[in-house]
Amino acid sequence: MSELRFTVNGAPETAPAGATVADLLARMGVDPTRVAVERNDDVVPRKTWAEAALAAGDKVEIVSFVGGGSDAPEDPLILGGRTFKSRLLIGTGKYKSVEETRQAIELSGADIVTVALRRVDLTPGTPNVLDAIDRSRITILPNTAFCYNAEDAIRVCRLARELGVGDMVKLEIIGDPDNLFPDGEATLQAAKILVKEGFIVLPYCMDDPILARRLEDAGCAAVMPLAAPIGSGLGIRNPDNIRIILEKAKVPIIVDAGVGTASDAAVAMELGCQGVLMNTAIAGARHPLLMAEAMRDAVIAGRKAFRAGRIPRRLYATASSPEHGVIS
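Mapped onto my numbering, the consecutive letters of the sequence shown carry residue numbers 2 to 329.
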């Protein structure tokens, strides 16, 4: 089936030939009762959405009402044409209970949380991680954790879409079970296929500037290089590579894996990364809920510091008080 290429709210988007406005809203997870749609500067009447076929080159705008002018931050994170307030993405594994998971999500302020696809526990009354997620506010990001080849990762993504959680996925293909480093070749192979199928792909990868560029060229909506091995808590081991990736990138760069504490998250943001994804750093902390708050604050502070622009590093002191008029 041929594929249409167009823009939604200024960002590139794709859809199968014959897709309608209604299909687009459903695929993007947009509540049709709360938005208006404009195509090529003309309003598309709501009653025609199911028949209004999209065409290559269309410029689509999806808008909604917000209170007080705007409740979005002045510096939002944009992924796949969608806007998010928080630049902190968190996982849902390793918490002591569903309730602790729910509280951690709330205190972190995260808009995006990752979930792993697993077989259903058929025992009646078994808690489910989805019980911890307010789906009216939170975007669920399925990940392909514990996939060791492209075929399995693609299969998981297709199953996740069938579950109705949308098309945005975290692509994670492990190359070595001991160090959990990602397999770059398999990740790139899977990313190309998933992008063609209309997925919004966020790939986890090594901090390799060449691979990052190839994943971007493949159509990934963001690239997520590791800071350090998954769950290691070592922080950013190679900031120079992250800087090089940031210099070349035209899509958001989100540090994923290896963050240990709030200062690690702040460093990632101060480098210019557009977000940080973590799980163990919060869930494995001595006080997970307090750490969730700390990570929220660190990401906000780090982003503000990046936008403010730090002073140059100097080998010698520079007086902060004026020298003129010194009493001698």
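The beta-carbon is built from N, C-alpha and C at its ideal position, and this holds for glycine as well.
Practice item. May I ask you to report which of helix, strand or coil DSSP gives phenylalanine 85? Key: For the purposes of this step, residue 85 is identified with residue 84 of the sequence shown, where counting begins at 1. Correct three-state label for phenylalanine 85: strand.
Practice item. Flag this pair as yes or no: are the beta carbons of glutamate 271 and alanine 306 separated by less than 7 Å? Key: Translated into positions along the sequence shown, residue 271 becomes position 270. Translated into positions along the sequence shown, residue 306 becomes position 305. Yes, Cβ-Cβ distance for glutamate 271 and alanine 306 is below 7 Å.
Point to revise | Identified DSSP bridge partners for arginine 40 | key: Here residue 40 refers to the residue found at position 39 when the sequence shown is read from its first residue. Asp43 and Val61.
Exercise for review: Go ahead and label aspartate 72 buried or exposed: buried means 16 or more other beta carbons lie within 10 angstroms of its beta carbon, across all protein chains shown.
Suggested key: Taking the sequence shown and counting its residues from 1, one reaches residue 72 at position 71. Unreliable placement is indicated for aspartate 72, whose pLDDT of 41 sits below 50; the coordinate value is still reported in the next sentence. Answer is exposed; the Cβ neighbour count stays below 16.
Check your understanding: Taking the DSSP output, what are the residues bridged to threonine 93?
Key -> Numbered from 1 along the sequence shown, position 92 holds the residue referred to as residue 93. The partner list for threonine 93 (beta bridge, DSSP) is empty, contrary to what the question assumes.
Practice item. Within 10 angstroms of the Cβ of glycine 69, are there 16 or more other Cβ atoms? Answer buried if so, exposed if not. Key: Residue mapping note: residue 69 aligns to position 68 of the sequence shown, counting from 1. Reliability fails at glycine 69, whose pLDDT of 37 lies under 50, so the model's placement of it is uncertain and the value that follows must be treated cautiously. With fewer than 16 Cβ atoms within 10 Å of its Cβ, glycine 69 is classed as exposed.
Check your understanding: What are the uninterrupted segments assigned as alpha helix (DSSP H) that are 4 or more residues long and contained completely in the segment 274-298, given in chain order?
Key -> 281-284
Exercise for review: Pull up the distance between the alpha-carbon of alanine 267 and that of glutamate 52, whole angstroms please.
Suggested key: Here residue 267 refers to the residue found at position 266 of the sequence shown. Here residue 52 refers to the residue found at position 51 of the sequence shown. Those two C-alpha atoms are separated by around 47 Å.
**Study point:** Span of the beta strand (DSSP E) around threonine 102
**Key:** Residue 102 sits at position 101 when you count from the first residue of the sequence shown. First-last for threonine 102: 99-109, but that is the alpha helix (DSSP H), not the beta strand (DSSP E).
Exercise for review: Out of Phe200, Gly176 and Asp179, point me to the one whose CA is closest to valine 166's CA.
Suggested key: Walking along the sequence shown from the start, residue 166 turns up at place 165. Among Phe200, Gly176 and Asp179, the Cα nearest to that of valine 166 belongs to Phe200.
Review point. What's the gap between the Cα of glycine 220 and the Cα of lysine 197?
Key: Along the sequence shown, read from residue 1 onward, the residue named residue 220 stands at position 219. Along the sequence shown, read from residue 1 onward, the residue named residue 197 stands at position 196. Their Cα atoms are separated by approximately 9 Å.
Practice item. Identify the continuous alpha helix (DSSP H) that holds arginine 6 and give its terminal residues. Key: Position 5 of the sequence shown, counted from the start, is the residue given in the question as residue 6. Careful: arginine 6 lies outside any alpha helix (DSSP H), inside the beta strand (DSSP E) at 4-9.
Review point. First and last residue of the alpha helix (DSSP H) that includes aspartate 218?
Key: Mapped onto the sequence shown, residue 218 falls at position 217. Counting along the chain, the alpha helix (DSSP H) containing aspartate 218 begins and ends at 210-218.
Practice item. In the DSSP assignment, find the unbroken beta strand (DSSP E) run with methionine 29 in it and report its ends. Key: The count along the sequence shown starts at 1 and reaches residue 29 at position 28. No beta strand (DSSP E) contains methionine 29, which is instead part of the alpha helix (DSSP H) from 22-29.
Review point. With contact counted as at least three CB pairs below 8 Å, one residue from each stretch, are the segment 167-176 and the segment 185-194 in contact?
Key: yes
Exercise for review: Check whether the Cβ atoms of leucine 160 and alanine 192 sit closer than 7 Å, and answer yes or no.
Suggested key: Walking along the sequence shown from the start, residue 160 turns up at place 159. Walking along the sequence shown from the start, residue 192 turns up at place 191. Contact flag unset, no.
Check your understanding: Is it right to say asparagine 280 is buried, meaning 16 or more other beta carbons lie within 10 angstroms of its own, or is it exposed?
Key -> Residue numbering aside, residue 280 sits at position 279 when the sequence shown is read from its first letter. With 16 or more other Cβ atoms within 10 Å, it is buried.
Practice item. Label isoleucine 328 either buried or exposed according to how many other C-beta atoms from any shown protein chain fall within 10 Å of its C-beta, with 16 as the threshold for buried. Key: As a first step, residue 328 must be located in the sequence shown, where it is residue number 327. Burial call: exposed.
Point to revise | valine 38 beta carbon less than 7 Å from that of valine 1 | key: Not covered by the structure: residue 1. The range shown for the chain is 2 to 329.
**Study point:** Whole-angstrom distance between arginine 136 and histidine 288, CA atom to CA atom
**Key:** Numbered from its first residue, the sequence shown carries residue 288 at position 287. Numbered from its first residue, the sequence shown carries residue 136 at position 135. Answer to the nearest angstrom: the Cα atoms are 25 Å apart.
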